[in-house]
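For the sequence shown, the residue numbers in this note's numbering are 0 to 86. The C-beta atom is built at its ideal place from N, Cα and C for all residues, glycine as well. Take a look at the structure set out below.
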Amino acid sequence: MARRIIIGGEVKVGEWDLRFPELEEKKTCPVCSFEILEDDQVFECPYCGNVMHMRCVEPWIESKGTCPICKRPLSKESQGLAEGSQT
Ligand SMILES: [Zn+2]
Ligand SMILES: [Zn+2]
Numbered sequence: 000m001a002r003r004i005i006i007g008g009e010v011k012v013g014e015w016d017l018r019f020p021e022l023e024e025k026k027t028c029p030v031c032s033f034e035i036l037e038d039d040q041v042f043e044c045p046y047c048g049n050v051m052h053m054r055c056v057e058p059w060i061e062s063k064g065t066c067p068i069c070k071r072p073l074s075k076e077s078q079g080l081a082e083g084s085q086t
């Protein structure tokens, strides 16, 4: 009756390796340039991967609908569905 435990089944090893050292680094919010703490609610842009305080980006996303860093279209409700925008 062996129990199989799969650790990190969906995490690619390469990806994990890349991300792990990042956690040790101090991250700074590119919007307010204050440090991002573990307790902070953060937003990670699906396009550029920048991590910023939710409280910093929320008003921006609400008014502009874009990422403040890479300026790609975002919407709070449909994160990740923002592709295929027409102008
Ligand atoms: Zn911030
Ligand atoms: Zn971005």
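Listed by position along the chain, the residues with Cβ atoms less than 6 angstroms from a non-hydrogen atom of ligand 1 are C28, V30, C31, F33, M51, H52 and C55. Take C69, set aside five residues on each side of it, and the residues of its chain with a beta-carbon closer than 7 angstroms to its own are C44, Y46 and C47, in chain order. Here P72 carries a strand assignment [DSSP, helix/strand/coil]. Contact check for V30 against V56 passes: the beta carbons are separated by less than 8 angstroms. In the DSSP assignment, M51 is bridged to F42.
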